Structures are given as structure tokens and as C-alpha cells.
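All remarks here apply to the structure that follows.
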Amino acid sequence: MPTPDRTAAKEKFMAFLEQKNLRITTQRRAIVDTVFGTDQHFTAEQLLEWARERDASVSRATVYRTLPLLTESGLVHEMDFGKDYKIYDPNYADHPNHNHIICDDCDKIVEFESEKLNELENEISHKLGFSVKTQQLRINASCEEMKKLGACKNKDH
12 MPTPDRTAAK EKFMAFLEQK NLRITTQRRA IVDTVFGTDQ HFTAEQLLEW ARERDASVSR
72 ATVYRTLPLL TESGLVHEMD FGKDYKIYDP NYADHPNHNH IICDDCDKIV EFESEKLNEL
132 ENEISHKLGF SVKTQQLRIN ASCEEMKKLG ACKNKDH
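Heads up: take any position in the sequence shown, counting from 1, add 11, and you land on the numbering used here.
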């Protein structure tokens with residue numbers, strides 16, 4: 012169930028499309044409903060799979076044409092974690108300053124916010140004569156499940 016923030020983000024994106032004189036097709040609507048109906052990070056291929064659950068006619072081309080529009084709108088953030096694919100963060104509009112821990116073994120992504128990190132960023136930037144506009148921290152690690160069991164249920168998902 013989309014939150015009020017998600018509903019607002021979806022409406023902002025629809026207005027963004029109209030402003031650019033782009034059609035809101037049923038395929039594009041299925042993609043947008045999917046993006047703003049999840050809290051999970053996703054790849055283009057995952058988005059295609061999820062959107063096709065809503066509308067089987069969604070094409071790969073429409074997904075790949077819509078993703079740059081989502082990022083251009085500022086409502087979704089494209090992240091490069093050094094893989095051969097990009098990850099998209101649908102929580103960006105709600106929380107632009109958040110951090111990620113990524114499991115190198117299973118690609119699980121966990122978002123977190125920290126008041127201590129915010130204080131440290133402000134202290135460092137102030138000392139160096141800067142003012143923070145945005146920040147992103149990425150921590151690569153191995154999840155506890157992999158350490159304990161030698162395997163992870165998230166592997167290949």
C-alpha cells in the first residue's frame with residue numbers, strides 16, 4: 012500500500028511527464044505504479060518483472076525509457092555499486108540523505124540514517140569551509156547470515 016509520500020511522489024512524476032509532453036500509456040502507468048508501490052531497491056530487470064505482474068504488456072524498452080525520466084525527475088535515485096547493472100532507489104525523494112550497507116555476497120541492500128553521521132558531516136564540512144547539500148555513504152560488507160551459515164537465502168534474488 013503506497014504511503015501518502017509515495018502517492019505524492021507518483022503525482023509529481025505524472026505532472027513531470029505531462030510537463031515534458033510525454034504520454035502516460037498503460038505500460039508507463041504500470042511501471043510508475045510499481046516504482047512508487049515498493050520500498051525495495053531494484054534493477055531495471057526487476058522492475059520489468061514486477062511491472063509485468065501488473066500489466067503483461069510492459070516492454071523492456073518502455074522500462075529502459077522510463078528509468079531515466081524517473082531519475083531526471085529527482086524522485087528516484089540511480090546508484091552504481093560497481094556491478095554490471097544499476098540499482099534504483101525509490102526512497103530518494105522521501106529521504107535524500109540516507110546511507111546504504113551492501114552485502115558483497117548476496118547484494119542485499121539496507122538503508123540507514125544516523126544522527127551521529129550527520130553531526131560528523133557538518134563538523135567536517137564546517138572545518139573545511141563547506142556546507143553540506145547532500146551526502147551518501149556506502150558500506151560494503153558481508154551479511155551476518157553469510158558469516159554464520161556460509162550461505163545466504165538472499166543469494167541470487
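Note that beta-carbon positions come from the ideal geometry of N, C-alpha and C, so glycine has one too. Remember, it's a predicted structure, so these values are computed and weren't measured experimentally.
- Message: So, does the segment 125-138 touch the segment 78-91, judging by three or more C-beta pairs under 8 Å?
- Response: no
- Query: Which of the three DSSP states, helix, strand or coil, is assigned to Phe53?
  - Reply: strand
- Query: Would you call the CB atoms of Leu78 and Phe24 closer than 8 Å?
  - Reply: no
- Query: Just the Cα atoms here: how many angstroms apart are Lys68 and Gln38?
  - Reply: Reading off the sequence shown, one finds Ser at residue 68, where the question assumed Lys. Their backbone Cα atoms lie some 7 Å apart in a straight line.
- Item | Same chain, Cβ closer than 8 Å to Ala152, neighbours up to 5 away in sequence not counted | Ile112, Ile113, Cys114, Asp115
- Task: Pick helix, strand or coil for His109, following the three-state DSSP scheme.
- Result: coil
- Are the CB atoms of Lys109 and Glu130 nearer to each other than 8 Å? Note that residue 109 is His in the sequence shown here, rather than Lys. No. Outside cutoff.
- Span separating the alpha-carbon of Gln146 from that of Asn133: 10 Å
- Would you list the residues sitting across from Glu89 in a DSSP beta bridge? Tyr99
- Extent of the continuous alpha helix (DSSP H) to which Glu124 belongs: Here Glu124 belongs to no alpha helix (DSSP H), and DSSP marks it neither H nor E.
- Task: Put Ala152 into one of helix, strand or coil per three-state DSSP.
- Result: strand
- Item | Per DSSP, cross-strand counterpart(s) of Cys114 | Ala152
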